[in-house]
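Visitor: Sharing a structure with you now.
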Amino acid sequence: MMNQKPSLISEPIPYNTIFPWLHLFRIFRLAVDFQKIMLASAAFLLLLLGNHLFNTLPFAPPQQVRDTEQLLPQNIQFYPQASDRFLQQRLNSIKILGENSNYTIFHELNERTLLEPMSSFTRPVFTLFNVGTNWSSLAYATTQLLWAVIVWSLFGGAITRIAAIQFAQDEHIGLRAALRFSLKRILSLVSAPLLPFAGIGFFWVLCLLIGLLGYIPGVGETIVSLFWGLAYLFAFVMSLILLVTLAGWPLMMATISVEDSDGFDGLSRIFSYLFGRIWYFLWLVIVTLCYGAVCLFFVELLLTFITYLSYWGVTWGLSDDTTNQLFMPNQNSLARTITLGWGKVLSILFSGFIISFFWSANTVIYFLLRKCDDGTPIDHIYNADADEEQAADLPLAGVAKSEEPVIERPVNPEQSEEKPEDEETS
Numbered sequence: 000m001m002n003q004k005p006s007l008i009s010e011p012i013p014y015n016t017i018f019p020w021l022h023l024f025r026i027f028r029l030a031v032d033f034q035k036i037m038l039a040s041a042a043f044l045l046l047l048l049g050n051h052l053f054n055t056l057p058f059a060p061p062q063q064v065r066d067t068e069q070l071l072p073q074n075i076q077f078y079p080q081a082s083d084r085f086l087q088q089r090l091n092s093i094k095i096l097g098e099n100s101n102y103t104i105f106h107e108l109n110e111r112t113l114l115e116p117m118s119s120f121t122r123p124v125f126t127l128f129n130v131g132t133n134w135s136s137l138a139y140a141t142t143q144l145l146w147a148v149i150v151w152s153l154f155g156g157a158i159t160r161i162a163a164i165q166f167a168q169d170e171h172i173g174l175r176a177a178l179r180f181s182l183k184r185i186l187s188l189v190s191a192p193l194l195p196f197a198g199i200g201f202f203w204v205l206c207l208l209i210g211l212l213g214y215i216p217g218v219g220e221t222i223v224s225l226f227w228g229l230a231y232l233f234a235f236v237m238s239l240i241l242l243v244t245l246a247g248w249p250l251m252m253a254t255i256s257v258e259d260s261d262g263f264d265g266l267s268r269i270f271s272y273l274f275g276r277i278w279y280f281l282w283l284v285i286v287t288l289c290y291g292a293v294c295l296f297f298v299e300l301l302l303t304f305i306t307y308l309s310y311w312g313v314t315w316g317l318s319d320d321t322t323n324q325l326f327m328p329n330q331n332s333l334a335r336t337i338t339l340g341w342g343k344v345l346s347i348l349f350s351g352f353i354i355s356f357f358w359s360a361n362t363v364i365y366f367l368l369r370k371c372d373d374g375t376p377i378d379h380i381y382n383a384d385a386d387e388e389q390a391a392d393l394p395l396a397g398v399a400k401s402e403e404p405v406i407e408r409p410v411n412p413e414q415s416e417e418k419p420e421d422e423e424t425s
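Numbering that gives the first Met the number 0 numbers the first residue of the sequence shown as 0 and each following residue consecutively.
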């Protein structure tokens, strides 16, 4: 019998197993989910509304208060701060530049990046640490920070929960189930990004005590200068806590959504992952930003074509007078207001996509960091409700299944031997 050469069986190379970070390219498919975009758009509008209401508070800085008559029926403009592009961007989607009766459409999607959702959290934090900030600015920044944390805890927690189940189990949950989860874990979601500020506050008090030594007459400055080295040490610890908090607060919420845990677990895991896997984390962020920039470009290009082609197609059947009433900036007709309203809807949905991409990316990054650090399977997600239902469905066995009465036996066997002897003697 002639020797036969074994046939070569070609199997696909498991690239996702060899390079787990390739799972990052699933983020776009997770982000273009209708439920996530609706949740993200609602969060975006709540942030705008909240900051608009905060401008009417007594401690709001005067330069940030705007006349409410400028809000409607024109552009929806809410001004929390001049430096904040994400929350004060104009929601224009159409701007007509007309000269000599030749109209050209320009789709005004303001400069937005994938990191802009973080500004609602980072900007108030930076204000809190500004040197010489007055009490009114501190109160205003604290109010903005708490509102941002509450909004992102509710809607960001729901988005990350949906993304986690889709990513790990390829299953879908509804809006009600996602919001019910985030409401159930709202205290954990809110406390996770705020707990680090307790540690920062502790070291700030130590620095404050060093500063108070300067009031000692005659030798105050010398004593403060001698203890300045301790101030550097305290500031070093505060810097580490602040940097990890600013970079990892979205991951803390993703942790709670994946692990169904409390705020302290979300805080401790992210601090451990970022300190232990900092270079891998930076690599994941770089890949996500590059990939996200490409996705953002194509989505913006798609919206540009949608806006342009709708204008191009409809104006074929419109007269010049009707076109002017709908699109010319100097027209304040009801028709133009409604037309601009549809453009604002597109712009809000675009912001919703950015937010959906942001939270979906943080969810996937958490899965990858967990896999790299402790080897947990990338498709593992904790679901307390499902575990309880599964435990309830398990069949009974042994003593639990038996209908006979259970006779309790003595724990100490010596007692059982002594009892018969006592009975015989009696």
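Yeah, the Cβ is synthetic: ideal placement off N, Cα and C, and Gly gets one too. Since the structure is predicted, the reported quantities are computational estimates derived from the model, not experimental observations.
(1) Can you find the residues in the same chain that come closer than 8 angstroms, C-beta to C-beta, to Q428, ignoring five residues on each side of it along the sequence?
(2) Taking the alpha-carbon of G247 as reference, which of A360, K343, G342 and L348 has the nearest alpha-carbon?
(3) If we count the other Cβ atoms within 10 Å of its Cβ and call it buried at 16 or more, is N50 buried or exposed?
(4) Based on Cα-Cα distance, which residue from A253, L127, P19 and V218 lies nearest to F357?
(5) Does the segment 152-167 come within contact of the segment 252-269, defined as at least 3 CB pairs closer than 8 angstroms?
(6) Assuming A140 contacts L127 (C-beta within less than 8 angstroms), just tell me the rounded distance between them.
(7) If you draw a straight line from the C-alpha of Q34 to the C-alpha of L174, how long is it?
(8) Anyone know if the C-beta pair for F180 and L205 falls short of 9 angstroms?
(9) Ignoring anything shorter than 4 residues or poking outside the segment 211-292, list the alpha helix (DSSP H) runs there in chain order.
(10) Got a sec? Which residues, its chain only, sit under 8 angstroms from V243 by beta carbon, not counting five neighbours each side?
(11) From S187 to F304, what distance separates their C-alpha atoms?
(12) Pull up the distance between the alpha-carbon of V189 and that of W315, whole angstroms please.
(13) Taking buried to mean at least 16 other C-beta atoms within 10 Å of its own C-beta, is N54 buried or exposed?
(14) How long is the line joining the alpha carbons of I75 and Q168, rounded to whole angstroms?
(15) Count the other C-beta atoms from every protein chain shown that fall within 10 angstroms of the C-beta of A191, then say buried if there are 16 or more, exposed otherwise.
(16) Roughly how far, in whole angstroms, is the beta-carbon of G198 from the beta-carbon of I240, given that I think they are within contact range, below 8 angstroms?
(17) Please list the terminal residues of the continuous alpha helix (DSSP H) segment that includes L174.
(18) Measuring CA to CA, which of C371, N129, I364 and Y381 is closest to R25?
(19) Smallest Cα separation from A59: which of G131, L23 and S136?
(20) Pick out whichever of H379, K370 and N382 has its Cα sitting closest to the Cα of I17.
(21) Can you list, in chain order, the residues of its chain whose CB lies under 8 angstroms from that of I347, leaving out five sequence neighbours each side?
(22) Quick test of your reading: I209 and A177, contact by CB under 8 angstroms. State the CB separation rounded to the nearest angstrom.
(23) Which same chain residues end up closer than 6 angstroms to I277 when comparing Cβ atoms and leaving out the 5 residues on each side of it in sequence?
(24) Helix, strand or coil for T121 per DSSP?
(25) Hey, how far is the Cα of L23 from the Cα of C294?
(26) Can you give me the C-alpha to C-alpha distance between T362 and V218, rounded to a whole angstrom?
(27) For the alpha helix (DSSP H) containing S355, list its first residue and its last residue.
(28) Would you call E434 buried or exposed, if buried means 16 or more other Cβ atoms sit within 10 Å of its Cβ?
(29) Taking the Cβ atom as the reference point for each residue, do Y310 and L367 lie within a distance shorter than 9 angstroms?
(30) With DSSP collapsed to three states, give me the class of P116.
(31) For P216 and L145, what's the separation of their Cα atoms in angstroms?
Guide: Let me spell this out:
(1) This structure cannot speak to residue 428, because the chain is shown only from 0 to 425.
(2) Selected option, being the one with the closest Cα: A360.
(3) When all chains shown are included, N50 counts as buried.
(4) When A253, L127, P19 and V218 are compared, the shortest CA-CA separation from F357 is found for A253.
(5) Yes: the two stretches touch, three or more of their Cβ pairs being nearer than 8 angstroms.
(6) 5 angstroms between Cβ atoms; contact.
(7) About 7 angstroms.
(8) Taking 9 angstroms as the Cβ cut-off, F180 and L205 do not qualify as a contacting pair.
(9) Entirely contained in the segment 211-292, the alpha helix (DSSP H) runs reaching 4 residues are, in chain order, 219-225, 227-258 and 262-275.
(10) Only residues of its own chain outside the window of five on either side were considered, and among them P195, I269, F270, L273 and F274 have a CB closer than 8 angstroms to the CB of V243, listed in chain order.
(11) Rounded to whole angstroms, the separation of the alpha carbons of F304 and S187 is 43 angstroms.
(12) The straight-line gap separating the alpha-carbon atoms of V189 and W315 is approximately 52 angstroms.
(13) Counting Cβ neighbours within 10 Å, N54 comes out buried, since at least 16 surround it.
(14) At I75, the pLDDT of 30 sits below 50, so the modelled position is not reliable; the number obtained from the coordinates is stated separately. Answer to the nearest angstrom: the Cα atoms are 39 angstroms apart.
(15) Buried, since its Cβ has 16 or more Cβ neighbours within 10 Å.
(16) That pair is a contact at about 5 angstroms.
(17) Run containing L174: L174 to K183, per the alpha helix (DSSP H) assignment.
(18) Between R25 and the set C371, N129, I364 and Y381, the nearest pair of CA atoms involves I364.
(19) If you compare the alpha carbons of G131, L23 and S136 with that of A59, the shortest gap goes to S136.
(20) Out of H379, K370 and N382, K370 has the C-alpha closest to the C-alpha of I17.
(21) Excluding residues within five positions, the ones whose Cβ falls inside 8 angstroms are S40, F43, L44 and L90.
(22) Not confirmed; about 47 angstroms, so no contact.
(23) Once the five neighbours on either side are set aside, I277 has no close Cβ partner at all.
(24) Here T121 sits in helix by DSSP.
(25) Whole-angstrom Cα-Cα distance: 12 angstroms.
(26) For T362 and V218, the distance between alpha carbons rounds to 54 angstroms.
(27) First-last of the alpha helix (DSSP H) with S355: L333 to D373.
(28) Any answer about residue 434 is impossible in this case: the structure gives the chain only from 0 up to 425.
(29) Their beta carbons are not under 9 angstroms apart, which means Y310 does not touch L367 by this criterion.
(30) Of the three classes helix, strand and coil, the one that applies to P116 here is helix, per DSSP.
(31) One C-alpha to the other measures close to 41 angstroms.
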